[in-house]
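Visitor:
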Amino acid sequence: MTENLISAKVSTQVLKFKPGGPPATFEVTVINESEQFASFQLEVIAAGANPNPGFLWYSLSPEVSSKKPPGDSTKFYVAIADSPVPGFAGMMNLTVRVFSVELRDEERQIVRLFVQEGAGSKLLQLELPVKKFQASPGQLVEIPVRVRNPNQQTAEVVLSFLGVKSSWLVNGAEQQFKLDPGGHKEVTFSCQPPSAIIQAPSEVYPFTIEATHHIGSFAREQGTLEILPTGCVKFTCTPQQQTIPPNGGWLPSRQSDPVTYELLFENASNLPSSASVQLHGKDQQKCNLEINPSDTDLTPGETSKLLLRASKQRHRWGLPQKLLFNVTGVLSDQRIEVQNDTQTLALRVRPTIPPWLQLAGLLMLVVLLILLWSWLIRGQRHTQAVTSVRFNGLADQVISGSDDQTILSWKVVGNSLKSAGKFAQVEKAVRVVRYQPVNNDLVAGGLENGEIKLWDVLGNRKQPLESFVDQKDDRVLALEFTKNSRYLFSGHGSGAVLQWNIEQDFSANSPRRNQPVNEQRLNFAVYALAMVGDGDKNLAIAGRFNKLMLWNFTSNNSRPRPIRYRESGGKDDYIQSLAVAANKPTLMATADTQGYITLWDMRQCLAKNVECKDIDTWKGHGGKPVRSVSLSKDGCYLASAGDDQREMLWPLTSRGDRYQNLNLLNGTLIRRVPSKVNDVAVISRENDLLVVSGSDDHQVRLRPIPKSNTDCGK
Numbered sequence: 001m002t003e004n005l006i007s008a009k010v011s012t013q014v015l016k017f018k019p020g021g022p023p024a025t026f027e028v029t030v031i032n033e034s035e036q037f038a039s040f041q042l043e044v045i046a047a048g049a050n051p052n053p054g055f056l057w058y059s060l061s062p063e064v065s066s067k068k069p070p071g072d073s074t075k076f077y078v079a080i081a082d083s084p085v086p087g088f089a090g091m092m093n094l095t096v097r098v099f100s101v102e103l104r105d106e107e108r109q110i111v112r113l114f115v116q117e118g119a120g121s122k123l124l125q126l127e128l129p130v131k132k133f134q135a136s137p138g139q140l141v142e143i144p145v146r147v148r149n150p151n152q153q154t155a156e157v158v159l160s161f162l163g164v165k166s167s168w169l170v171n172g173a174e175q176q177f178k179l180d181p182g183g184h185k186e187v188t189f190s191c192q193p194p195s196a197i198i199q200a201p202s203e204v205y206p207f208t209i210e211a212t213h214h215i216g217s218f219a220r221e222q223g224t225l226e227i228l229p230t231g232c233v234k235f236t237c238t239p240q241q242q243t244i245p246p247n248g249g250w251l252p253s254r255q256s257d258p259v260t261y262e263l264l265f266e267n268a269s270n271l272p273s274s275a276s277v278q279l280h281g282k283d284q285q286k287c288n289l290e291i292n293p294s295d296t297d298l299t300p301g302e303t304s305k306l307l308l309r310a311s312k313q314r315h316r317w318g319l320p321q322k323l324l325f326n327v328t329g330v331l332s333d334q335r336i337e338v339q340n341d342t343q344t345l346a347l348r349v350r351p352t353i354p355p356w357l358q359l360a361g362l363l364m365l366v367v368l369l370i371l372l373w374s375w376l377i378r379g380q381r382h383t384q385a386v387t388s389v390r391f392n393g394l395a396d397q398v399i400s401g402s403d404d405q406t407i408l409s410w411k412v413v414g415n416s417l418k419s420a421g422k423f424a425q426v427e428k429a430v431r432v433v434r435y436q437p438v439n440n441d442l443v444a445g446g447l448e449n450g451e452i453k454l455w456d457v458l459g460n461r462k463q464p465l466e467s468f469v470d471q472k473d474d475r476v477l478a479l480e481f482t483k484n485s486r487y488l489f490s491g492h493g494s495g496a497v498l499q500w501n502i503e504q505d506f507s508a509n510s511p512r513r514n515q516p517v518n519e520q521r522l523n524f525a526v527y528a529l530a531m532v533g534d535g536d537k538n539l540a541i542a543g544r545f546n547k548l549m550l551w552n553f554t555s556n557n558s559r560p561r562p563i564r565y566r567e568s569g570g571k572d573d574y575i576q577s578l579a580v581a582a583n584k585p586t587l588m589a590t591a592d593t594q595g596y597i598t599l600w601d602m603r604q605c606l607a608k609n610v611e612c613k614d615i616d617t618w619k620g621h622g623g624k625p626v627r628s629v630s631l632s633k634d635g636c637y638l639a640s641a642g643d644d645q646r647e648m649l650w651p652l653t654s655r656g657d658r659y660q661n662l663n664l665l666n667g668t669l670i671r672r673v674p675s676k677v678n679d680v681a682v683i684s685r686e687n688d689l690l691v692v693s694g695s696d697d698h699q700v701r702l703r704p705i706p707k708s709n710t711d712c713g714k
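Counted the way the working numbering counts, the sequence shown spans residues 1 to 714.
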């Protein structure tokens, strides 16, 4: 027979307790029957007791005894302060468990507890399982509430939701029900803020859940509902150009009064904020610019303005000056975006002496015009940053687009570029240019103001064959033709991806098709597009927040599916460029502003609904943003360019990854230029490669590169 190491004795076997009255107490004497020092602990167990850790129905003194020598005893005092089972009346058993950690033994005693009818009522027990909620305007939020009746009588409960507008509560702000003694219930309040963002300002709304019943006072629990920011602030400047003086006369004048631009902020969001502007640009220091006031408060749904005052000392001789500077709208709260945040403004300054009076310089002016015309004939050049470059299919022509609102054409003569003149003049900065892939007889251009224009390569370029626009001022950041040239896809700053049908006869009798035939509206700015795989059905989409998606646009109601990208991104991180090898349409390259270049094998994820596989990733430009990547037609070479002012060439294996040979693994430097490089394109000739690039220093550059001694194309 096992010897007991612990003995316990209770002071009473039957105990009476009346809820609302004084505590019922008893003593437990514990004797150490072992041959070693030991400490003792005690707990009281009741079947069906409230499991909530915060519900303390009895107290104990002491909670743990000190260590006692063999044969010594200790006393515990137990006070019953509440019914173990809320609402219960009658007889129940209490198990008194005494145990010791050192002895690894325990002793149990039974006490009969008679719970009498209570002397009064208790507060309802109220619980919010979740205390903090978030919702966007128009979103339905379910708020659960748990109620328990600790009384011995049925309670008629009135549950009220206080602190938010009653119109937000779908089924009302009050619920009524009955709770049996000791019963509990979980109810839900449905809260839906208005869809109109003006009626649901972004802030934290504290609310209170109040429970009352007819036999007692009320109980309260508090929580918060945060309305998340949504919408944007639209930034516009008017006028885009001012002149000093506004009216030019026939006679000399020294009038130099300042001119004013209105900078308008339309708060189309639910977030109150304040706005200011930053001035920058190459001509900013050449004139005096003053903002008044320095900032302005933005109330949701309203438009506020700042005044930009510009002045400039007029020169005596010469032609009017045109100064360009950029104005960027900045918000104090970065949780919402500024649409068209940067505007380019022009200040035209006339000379004090009208040009017709400058007869003495007429001959020099004529000579200058002749020289200027001669220079234009020899070669047109860009005057602002070059944003996009492309070869035609024969590698004998290049087009380039620029912030100076021009598209230029170039001839490839041997290993150098020769200007072929201005291809097109447009009204806004050119963000992207592309040749039509089949015959290269069309050029598409995407503009800062949201327009897409098509030109005939061999025809009259003064007027485009066609012009498309979906939303005004929604920047066109990417263009991509299908391989059969039937469709053109455009990616926009708003997140729109649009499919345009351009398969038509562009004669005078042809109908205009100015509406997209298919579209996707995504929640990130789209910076790059690329056709992937065999056939014209899959489009890769990339842009802000390092988002990468794949869209089967031939499937009805198909939504782009996300591709897991190794480097997750914030609002300042972009996948800037996509490239696909024409003869290996499942080999894709990506480049991002975190400095990574990634090569992808798209075969499995195109054939099946599985994750796309990245086969090689590296930082190729010293960790600085990579702005552009381009794959040769056979997929054996990758060209890249970025903010480190370098252009690089990477030989690839037949699998599509880099060679592990150290001489090839780190790539080949094509050139280093004075500014960051915005775009690069590579094309293969019989014995070498041609790489063309466009950069911030207004230059379009061509470089021949010998082919590496690799077995990729074999």
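Idealized CB from N, CA, C, for every residue including glycine.
Quick caveat: nothing in here was measured; it's all calculated off a predicted structure.
Would you tell me roughly how many angstroms separate the C-alpha atoms of I575 and L702, rounded to the nearest one?
Guide: Locating residue 575 in the sequence shown gives position 575, counting from the first residue. Locating residue 702 in the sequence shown gives position 702, counting from the first residue. Distance between the alpha carbons of I575 and L702 is about 25 angstroms.
Visitor: Can you look up C612 in the DSSP assignment and give me helix, strand or coil?
Guide: Here residue 612 is taken as the residue at index 612 of the sequence shown, counted from 1. It is coil, neither helix nor strand.
Visitor: Note down, in chain order, each residue of its chain lying with its Cβ closer than 8 angstroms to the Cβ of M91, except the 5 sequence neighbours on either side.
Guide: Residue mapping note: residue 91 aligns to position 91 of the sequence shown, counting from 1. Taken in chain order, the residues that qualify are R112, L113, F114 and V115.
Visitor: Which residue marks the beginning of the beta strand (DSSP E) containing C712, and which one marks its end?
Guide: Translated into the one-based positions of the sequence shown, residue 712 becomes position 712. Unbroken run through C712: none, as it is neither H nor E.
Visitor: Please identify the residue among R104, P84, A79 and Q313 whose C-alpha is closest to the C-alpha of A38.
Guide: On the sequence shown, residue 38 is found 38 positions in, with the first residue counted as 1. Nearest C-alpha to A38: R104.
Visitor: Taking only runs that begin and end inside the region 232 to 274, name each unbroken beta strand (DSSP E) of 3 or more residues, in chain order.
Guide: Taking only runs of at least 3 residues, the beta strand (DSSP E) segments lying wholly in the region 232 to 274 are 241 to 244 and 259 to 269.
Visitor: Can you name, in chain order, every residue of its own chain whose Cβ lies under 7 angstroms from the Cβ of E503, other than the five neighbours on each side?
Guide: Counting from one through the sequence shown, the residue named residue 503 turns up at place 503. So the list reads R486, once near-sequence residues are dropped.
Visitor: With distances taken from CA atoms, which of A79, L347 and V98 is nearest S73?
Guide: Here residue 73 corresponds to residue number 73 of the sequence shown, with the count starting at 1. Considering only alpha carbons, the answer is V98.
Visitor: To the nearest angstrom, how far is it from the Cα of L5 to the Cα of P70?
Guide: As a first step, residue 5 is located in the sequence shown; it is residue number 5 there, counting from the start. As a first step, residue 70 is located in the sequence shown; it is residue number 70 there, counting from the start. Using only the alpha carbons, I get a separation of about 10 angstroms.
Visitor: At the level of alpha carbons, what is the spacing between D644 and L669?
Guide: As a working note, residue 644 is residue 644 in the sequence shown. As a working note, residue 669 is residue 669 in the sequence shown. If you take the alpha carbons of D644 and L669, they lie about 12 angstroms apart.
Visitor: Can S311 and N288 be called in contact, C-beta distance under 8 angstroms?
Guide: On the sequence shown, position 311 is the one that residue 311 refers to. On the sequence shown, position 288 is the one that residue 288 refers to. Against a cut-off of 8 angstroms, the Cβ pair of N288 and S311 comes out as a contact.
Visitor: Please report the distance separating the alpha-carbon of N546 from that of P258.
Guide: Translated into positions along the sequence shown, residue 546 becomes position 546. Translated into positions along the sequence shown, residue 258 becomes position 258. Approximately 44 angstroms, taken between the alpha carbons.
Visitor: Compare the beta carbon distance of L159 and Q175 with 8 angstroms and say whether it is the shorter of the two.
Guide: Working through the sequence shown from its first residue, we reach residue 159 at position 159. Working through the sequence shown from its first residue, we reach residue 175 at position 175. Their beta carbons are under 8 angstroms apart, which means L159 touches Q175 by this criterion.
Visitor: Quickly, what does DSSP pair Y565 with across the bridge? List them, please.
Guide: Working through the sequence shown from its first residue, we reach residue 565 at position 565. Answer is none; Y565 lacks a bridge partner.
Visitor: Please classify A641: does DSSP put it in a helix, a strand, or coil?
Guide: Sequence index remark: in the sequence shown, residue 641 carries index 641 (1-based). If DSSP states are grouped into helix, strand and coil, A641 belongs with the strands.
Visitor: Just list the alpha helix (DSSP H) runs in the region 679 to 705, keeping only unbroken ones of 4 residues or longer that don't cross its boundaries, in chain order.
Guide: Runs of the alpha helix (DSSP H) inside the region 679 to 705: none found.
Visitor: Terminal residues of the continuous alpha helix (DSSP H) containing L606?
Guide: For the purposes of this step, residue 606 is identified with residue 606 of the sequence shown, where counting begins at 1. Where L606 is concerned, the enclosing alpha helix (DSSP H) stretches over R603 to A607.
Visitor: Taking the beta strand (DSSP E) that L56 falls in, what are its first and last residues?
Guide: In the sequence shown, residue 56 corresponds to position 56, counting from 1. From DSSP, L56 is part of no beta strand (DSSP E); its letter is neither H nor E.
Visitor: Whose CA, out of I615, R434 and L228, lies closest to the CA of T653?
Guide: Counted from its first residue, the sequence shown places residue 653 at position 653. The shortest C-alpha separation from T653 is found at I615.
Visitor: With DSSP as the reference, identify every bridge partner of S577, one or two as the case may be.
Guide: Residue mapping note: residue 577 aligns to position 577 of the sequence shown, counting from 1. Partner(s): A591.
Visitor: Whose C-alpha, out of G446, A211 and N326, is nearest the C-alpha of E427?
Guide: By one-based count along the sequence shown, residue 427 stands at place 427. E427 has its Cα closest to that of G446, out of G446, A211 and N326.
Visitor: Once the 5 residues before and after G318 are set aside, which same chain residues still bring their CB inside 7 angstroms of it?
Guide: By one-based count along the sequence shown, residue 318 stands at place 318. P351, listed in sequence order.
Visitor: Between which residues of its own chain and D679 is the CB-CB distance below 6 angstroms, once the five residues before and five after are set aside?
Guide: Looking up residue 679 in the sequence shown gives position 679. Closer than 6 angstroms at Cβ, skipping near neighbours: S388, V389, S628 and G694.
Visitor: Which residues bound the alpha helix (DSSP H) around L664?
Guide: Counting from one through the sequence shown, the residue named residue 664 turns up at place 664. Segment L662 to L665, the alpha helix (DSSP H) holding L664.
Visitor: Across the region 9 to 27 and the region 36 to 50, are there enough close Cβ pairs to call them in contact, namely three or more that are closer than 8 angstroms?
Guide: Short answer: they don't touch.
Visitor: Among L638, S166 and Q660, whose alpha-carbon lies nearest the alpha-carbon of G190?
Guide: Position 190 of the sequence shown, counting from 1, holds the residue named residue 190. One detail in the question is off: residue 190 reads as Ser in this sequence, not Gly. When each option's Cα is compared against that of S190, the closest is S166.
Visitor: Using the Cα positions of S507 and R559, report the straight-line distance between them to the nearest angstrom.
Guide: Taking the first residue of the sequence shown as 1, we reach residue 507 at position 507. Taking the first residue of the sequence shown as 1, we reach residue 559 at position 559. In this prediction, S507 scores a pLDDT of 45, lower than 50, which makes its location untrustworthy; the coordinate-derived value is nonetheless stated afterwards. Each residue's Cα considered, the two are about 35 angstroms apart.
Visitor: Where does the unbroken beta strand (DSSP E) through C636 begin, and where does it stop?
Guide: On the sequence shown, residue 636 is found 636 positions in, with the first residue counted as 1. Neither: C636 is in no beta strand (DSSP E) and is coded neither H nor E.
Visitor: In the DSSP assignment, find the unbroken beta strand (DSSP E) run with H184 in it and report its ends.
Guide: As a first step, residue 184 must be located in the sequence shown, where it is residue number 184. Run containing H184: H184 to C191, per the beta strand (DSSP E) assignment.
Visitor: Counting C-beta neighbours from all protein chains within 10 Å, is the total for F218 16 or more, i.e. buried, or is it exposed?
Guide: Along the sequence shown, one-based indexing puts residue 218 at 218. Exposed, because fewer than 16 other Cβ atoms sit within 10 Å of the Cβ of F218.
Visitor: Would you check if the region 454 to 467 and the region 489 to 498 touch, i.e. whether three or more CB-CB distances between them fall below 8 angstroms?
Guide: No: fewer than three Cβ pairs fall under 8 angstroms.
Visitor: For M648, count the other beta carbons within 10 Å of its own beta carbon; 16 or more makes it buried, fewer makes it exposed. Which is it?
Guide: Here residue 648 refers to the residue found at position 648 when the sequence shown is read from its first residue. Result: buried.
Visitor: Expressed to the nearest angstrom, what Euclidean distance is found between the alpha-carbon atoms of E33 and G20?
Guide: If you number the sequence shown from 1, residue 33 lands on position 33. If you number the sequence shown from 1, residue 20 lands on position 20. C-alpha separation (whole angstroms): 39 angstroms.
Visitor: Determine the burial state of I110: buried for a count of at least 16 other Cβ atoms within 10 Å of its Cβ, exposed for fewer.
Guide: Taking the first residue of the sequence shown as position 1, residue 110 is located at position 110. Classification of I110: exposed, given that the 10 Å Cβ count is below 16.
Visitor: For the beta strand (DSSP E) that S416 lies in, which residues bound it at each end?
Guide: Your numbering for residue 416 matches position 416 in the sequence shown. Run containing S416: S416 to Q425, per the beta strand (DSSP E) assignment.
Visitor: Beta carbon of H184, beta carbon of R220: below 8 angstroms?
Guide: Numbered from 1 along the sequence shown, position 184 holds the residue referred to as residue 184. Numbered from 1 along the sequence shown, position 220 holds the residue referred to as residue 220. Taking 8 angstroms as the Cβ cut-off, H184 and R220 do not qualify as a contacting pair.
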